[in-house]
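Asks:
Residue numbers (our numbering): 96 to 498.
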């Protein structure tokens with residue numbers, strides 16, 4: 096007979112000192128580590144003196160067996176630049192609830208950004224209304240206009256989020272920050288210099304949460320998300336392959352990558368020097384179909400290139416298993432998804448269709464379930480997906496929209 100007994104839960108707190116947090120998490124980790132040797136289960140560990148659990152935690156840390164420190168999770172509210180949020184979200188073991196730049200008005204740092212943000216919001220809102228006013232309510236049109244106008248504002252624009260991270264990984268994170276800062280100290284460029292300053296601030300803030308560094312990463316890992324900034328080396332020459340495991344390469348904006356990396360079952364990394372803005376160009380919203388408007392957009396976004404706007408393109412490598420890609424399609428092949436990520440995902444589906452012979456029999460069935468008549472289709476047409484949100488596009492127009 097299976098038996099399950101809850102032994103700990105996350106609870107909201109008013110305040111706690113770094114010393115208290117570190118002590119409580121270390122004690123808890125030491126207790127949980129004791130289950131490996133407890134003959135009669137966790138009940139016997141509850142009766143042991145705290146000193147025994149603390150000694151066990153210390154020995155475990157010294158031996159490099161850090162997994163027991165991953166049971167405890169620290170929930171934090173973090174206010175930081177968007178690129179720092181992206182870096183934190185890239186490590187895979189975290190959980191995030193972040194302020195949406197798609198659905199809320201952002202506050203750019205400079206007057207020029209603010210001017211362009213409002214200018215293109217108003218311009219886009221007018222064009223969306225003219226083209227889709229019969230489908231979209233004014234409130235939705237306003238949100239979509241802000242979603243696209245935010246391409247003009249810096250990837251260092253402030254955002255906020257509730258961020259949950261295992262106790263162990265806070266110490267690993269501190270090591271990775273230190274390593275990236277050291278590499279960035281030898282690099283030029285506005286992006287790299289600004290990132291180095293923000294990482295110093297992040298390091299200080301995390302130390303204020305835990306008080307001290309109990310142990311260090313013993314596997315010499317790093318922020319894989321930004322290989323140039325972490326290691327000083329480009330890592331964008333991976334060979335594309337579409338099969339049961341896959342490697343895809345494409346250009347996408349910072350804003351798209353922020354959506355892309357939220358799929359924790361796939362690996363995403365971006366390569367760009369950070370030395371000069373616009374290395375790979377800039378994203379242009381498809382609704383700006385007129386050549387004169389596109390030229391104006393590109394001129395405007397280049398004028399704020401030195402702050403690294405979220406519409407700046409970077410080289411993206413995405414890797415993973417096909418079945419996890421199919422799960423990604425159930426989120427992104429949708430009329431409510433950000434248009435850019437939907438279109439990138441659609442192109443990857445087309446690549447899998449071209450290389451279907453590389454897929455196992457079961458994965459070929461999965462591919463058939465996310466396509467229709469040999470072409471990509473919206474998730475609302477998938478036989479194993481039931482949409483609970485609804486949208487104005489439906490399966491017929493979701494992939495044809497321009498906004």
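Every residue gets a Cβ at the ideal spot worked out from N, C-alpha and C, and that includes glycine.
All values reported here derive from a predicted model rather than from experimental measurement.
Could you compute how far the alpha carbon of residue 287 sits from the alpha carbon of residue 279?
Replies: Your numbering for residue 287 matches position 192 in the chain shown. Your numbering for residue 279 matches position 184 in the chain shown. Those two C-alpha atoms are separated by around 6 Å.
Asks: Who are the Cβ neighbours of residue 400 in its own chain at under 6 Å, not counting the five residues just before and after it?
Replies: If you number the chain shown from 1, residue 400 lands on position 305. Cβ within range, chain order: 372, 373.
Asks: Alpha carbon to alpha carbon, how far is residue 261 from residue 190?
Replies: Residue numbering aside, residue 261 sits at position 166 when the chain shown is read from its first letter. Residue numbering aside, residue 190 sits at position 95 when the chain shown is read from its first letter. Approximately 10 Å, taken between the alpha carbons.
Asks: Quick one: what's got a C-beta closer than 8 Å to residue 298's C-beta in the same chain, skipping five residues either side?
Replies: Sequence index remark: in the chain shown, residue 298 carries index 203 (1-based). Closer than 8 Å at Cβ, skipping near neighbours: 269, 272, 273, 276.
Asks: When you compare only the Cα positions, how much space is there between residue 282 and residue 205?
Replies: In the chain shown, the residue the question calls residue 282 occupies position 187. In the chain shown, the residue the question calls residue 205 occupies position 110. Residue 282 and residue 205: Cα-Cα distance of roughly 25 Å.
Asks: Going by C-alpha distance, which of 434, 218, 468, 432 is nearest residue 448?
Replies: Taking the first residue of the chain shown as position 1, residue 448 is located at position 353. Residue 448 has its Cα closest to that of 468, out of 434, 218, 468, 432.
Asks: With a CB to CB cut of under 7 Å and the five nearest residues on each side skipped, what residues in its chain are close to residue 392?
Replies: Walking along the chain shown from the start, residue 392 turns up at place 297. Here the set comprises 379, 383.
Asks: Is DSSP giving residue 429 helix, strand or coil here?
Replies: Indexing the chain shown from 1 puts residue 429 at position 334. Reduced to three states, the DSSP call for residue 429 is coil.
Asks: Residues bridged to residue 366 by DSSP?
Replies: Taking the chain shown and counting its residues from 1, one reaches residue 366 at position 271. Beta-bridge pairing links residue 366 to 410.
Asks: Quick check on the DSSP output: the beta strand (DSSP E) that includes residue 172 runs from which residue to which?
Replies: As a position in the chain shown, residue 172 is number 77, starting the count at 1. Per DSSP, residue 172 belongs to the beta strand (DSSP E) from 168-176.
Asks: Using the beta-carbon count (16 or more within 10 Å), is residue 131 buried or exposed?
Replies: Walking along the chain shown from the start, residue 131 turns up at place 36. Burial call: exposed.
Asks: Going by other Cβ atoms of all chains shown within 10 Å of its Cβ, with 16 needed for buried, is residue 303 buried or exposed?
Replies: Residue 303 sits at position 208 when you count from the first residue of the chain shown. Flag for residue 303 reads exposed.
Asks: Please state whether the Cβ-Cβ distance between residue 458 and residue 426 is less than 8 Å.
Replies: In the chain shown, counting from the first residue as 1, residue 458 sits at position 363. In the chain shown, counting from the first residue as 1, residue 426 sits at position 331. No. Outside cutoff.
Asks: Rounding to the nearest angstrom, what Cα-Cα distance links residue 166 and residue 160 in this structure?
Replies: As a position in the chain shown, residue 166 is number 71, starting the count at 1. As a position in the chain shown, residue 160 is number 65, starting the count at 1. One C-alpha to the other measures close to 13 Å.
Asks: For residue 212, count neighbouring C-beta atoms within 10 Å of its own C-beta (all shown protein chains included) and say buried if the count is 16 or more, exposed if not.
Replies: One-based indexing of the chain shown puts residue 212 at position 117. Looking at its Cβ environment, which holds 16 or more other Cβ atoms inside 10 Å, residue 212 is buried.
Asks: Relative to the alpha-carbon of residue 255, which residue among 234, 358, 308, 200 has its alpha-carbon at the smallest distance?
Replies: Here residue 255 is taken as the residue at index 160 of the chain shown, counted from 1. Ranking 234, 358, 308, 200 by Cα distance to residue 255 puts 200 first.
Asks: Applying the 10 Å Cβ sphere with the 16-neighbour rule, what's the burial state of residue 203?
Replies: Locating residue 203 in the chain shown gives position 108, where the first residue counts as 1. The residue is buried, with at least 16 neighbouring Cβ atoms inside 10 Å.
Asks: In the DSSP output, which residue or residues are listed as bridge partners for residue 471?
Replies: Numbered from its first residue, the chain shown carries residue 471 at position 376. Answer by DSSP bridge pairing, in chain order: 466.
Asks: Using DSSP with H/G/I as helix, E/B as strand and the rest coil, what is residue 381?
Replies: For the purposes of this step, residue 381 is taken as residue 286 along the chain shown, with counting starting at 1. Note: residue 381 maps to coil in three-state DSSP.
Asks: Can you pull the DSSP bridge partners for residue 343?
Replies: Here the question's residue 343 lines up with position 248 in the chain shown. In the DSSP output, where bridge partners are listed per residue, residue 343 has 413.
Asks: May I have the straight-line CA-CA distance separating residue 363 from residue 267, to the nearest angstrom?
Replies: For the purposes of this step, residue 363 is taken as residue 268 along the chain shown, with counting starting at 1. For the purposes of this step, residue 267 is taken as residue 172 along the chain shown, with counting starting at 1. Going by the C-alpha atoms only, they are around 19 Å apart.
Asks: Count the other C-beta atoms from every protein chain shown that fall within 10 angstroms of the C-beta of residue 250, then say buried if there are 16 or more, exposed otherwise.
Replies: Taking the first residue of the chain shown as position 1, residue 250 is located at position 155. Residue 250 comes out buried.
Asks: If you check the beta carbons only, do residue 338 and residue 450 fall under 8 Å apart?
Replies: Indexing the chain shown from 1 puts residue 338 at position 243. Indexing the chain shown from 1 puts residue 450 at position 355. Yes, Cβ-Cβ distance for residue 338 and residue 450 is below 8 Å.
Asks: Just checking: is the beta-carbon of residue 323 within a distance shorter than 8 Å of some beta-carbon in chain C?
Replies: Among the chains of the structure shown, chain C does not appear; only one protein chain is present.
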